[in-house]
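If you use mature numbering (1 follows the signal peptide of the UniProt record, and there is no 0), the sequence shown corresponds to residues -19 to -1, 1 to 219, in order.
Ideal Cβ placement from N, Cα and C applies to all residues, glycine included.
These notes are about the structure you will find just below.
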Amino acid sequence: MMATRALLIVAVAIAAVLGTSHGASYTVGAPAGSWDLRTNYTSWASGVTFRAGDQLVFKYSPAAHNVLEVSKADHDSCSGSKPLATFTTGDDTVPLPAGGVTRYFICGVPGHCDAGMKLAVRVQAAGAGAPNAAAPSPAPVAMAPRAARPPTTSAPSPAPVAMAPRRAVRPPTAAPTPAPVAMAPRAARPPMATPGAEVPGASGMPAVPPPSSAAAPASVGSLVGLGLGAAVALMAFY
């Protein structure tokens, strides 16, 4: 695994160095035009960021045009009397190795520079801003396969717990009927004396019934008579 990562880092570093050294290649005037009288080169150059290591490609007809690299003063005045470099092949590649400078180009055919065939290219340092060409994507790093997880076994279900049988519901016990209580026999009441009957006295004389005016109700009188009779009898006995 460590060796794979080291090789990946080296490959990315080499690609970065190669990309910086070769840079990007720009065809002047493309894609709408080329090195001709119809293209606005000020507008074209403003849409491109040139960096050290890039290169320009001039495509044109050698019978109609050429390319002269000149100073800023000759570029502004459209003078080709003292060119810094001359290109006439019709498919010229001009490297831009240094950054922080501006390169100037014109067409040396009389009248063409004044007609607009002039180009000023501002070259930035290689590390300034984002690169023009997309950086090569790093090689994908192979990931170690994950170990397969063992299947999880579900916990065994607990055995059913036997429930104790419920106790049989006892039928309600009837309360014992209390035994009948024997009642003592009531003492026989002495016969009640009939009003008007004679009660023997101590002398054997019949009792004189009370006068009617002093008689109480029948029930009370009977009881009183019984009491008096009993008392008389006791006195006679003693």
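- TYR85 is the residue among TYR85, HIS93 and LYS40 whose C-alpha sits nearest the C-alpha of ALA101.
- The residues ARG32, ALA33, VAL104, GLN105, ALA106, ALA107 and ALA109, in chain order, have a CB closer than 8 Å to that of GLY80 in the same chain once the five nearest residues on each side in sequence are set aside.
- Assigned with DSSP and collapsed to three states, ASP72 falls in strand.
- For ASP17, the three-state secondary structure derived from DSSP is coil.
- If you ignore the 5 residues before and after SER62, its C-beta comes within less than 8 Å of the C-beta of ASP55, all in its own chain and listed in chain order.
- By the criterion of a C-beta distance shorter than 8 Å, THR83 is surrounded in its chain by LYS53, ALA101, VAL102, ARG103 and VAL104, once the five residues flanking it on both sides are discounted.
- In the structure shown, the three-state DSSP call for LEU65 is coil.
- In the displayed model, ASP95 falls within coil according to three-state DSSP, outside both helix and strand.
- DSSP, read as helix, strand or coil, puts THR30 in coil.
- CA-CA distance, TRP25 to SER60, rounds to 22 Å.
- Ranked by Cα distance from VAL38, the options PRO76, MET98 and ALA211 are led by PRO76.
- Of the residues assessed, ASP72 falls on the exposed side of the cut-off, its CB having fewer than 16 other CB atoms within 10 angstroms.
- TYR22 sits close to GLY10, with the two beta carbons spaced by under 9 Å.
- A direct Cα-to-Cα measurement between LEU49 and VAL29 gives close to 21 Å.
- The C-alpha of HIS93 lies about 23 Å from the C-alpha of GLN36.
- Comparing alpha-carbon positions, the option among SER27, ASP17, GLY97 and VAL51 lying closest to ALA44 turns out to be ASP17.
- An exposed status is given to GLY208, since fewer than 16 other beta-carbon atoms sit within 10 Å of its beta-carbon.
- The beta carbon of SER42 lies closer than 8 Å to those of GLY71 in the same chain, with the five residues before and after it left out.
- Under DSSP, THR8 takes part in a beta bridge, and its partners are VAL38.
- Taking each of SER58, VAL51 and ALA13 in turn and checking the Cα distance to LYS40, the smallest one comes out for ALA13.
- In the DSSP assignment, ALA54 falls within the alpha helix (DSSP H) that extends over 53 to 58.
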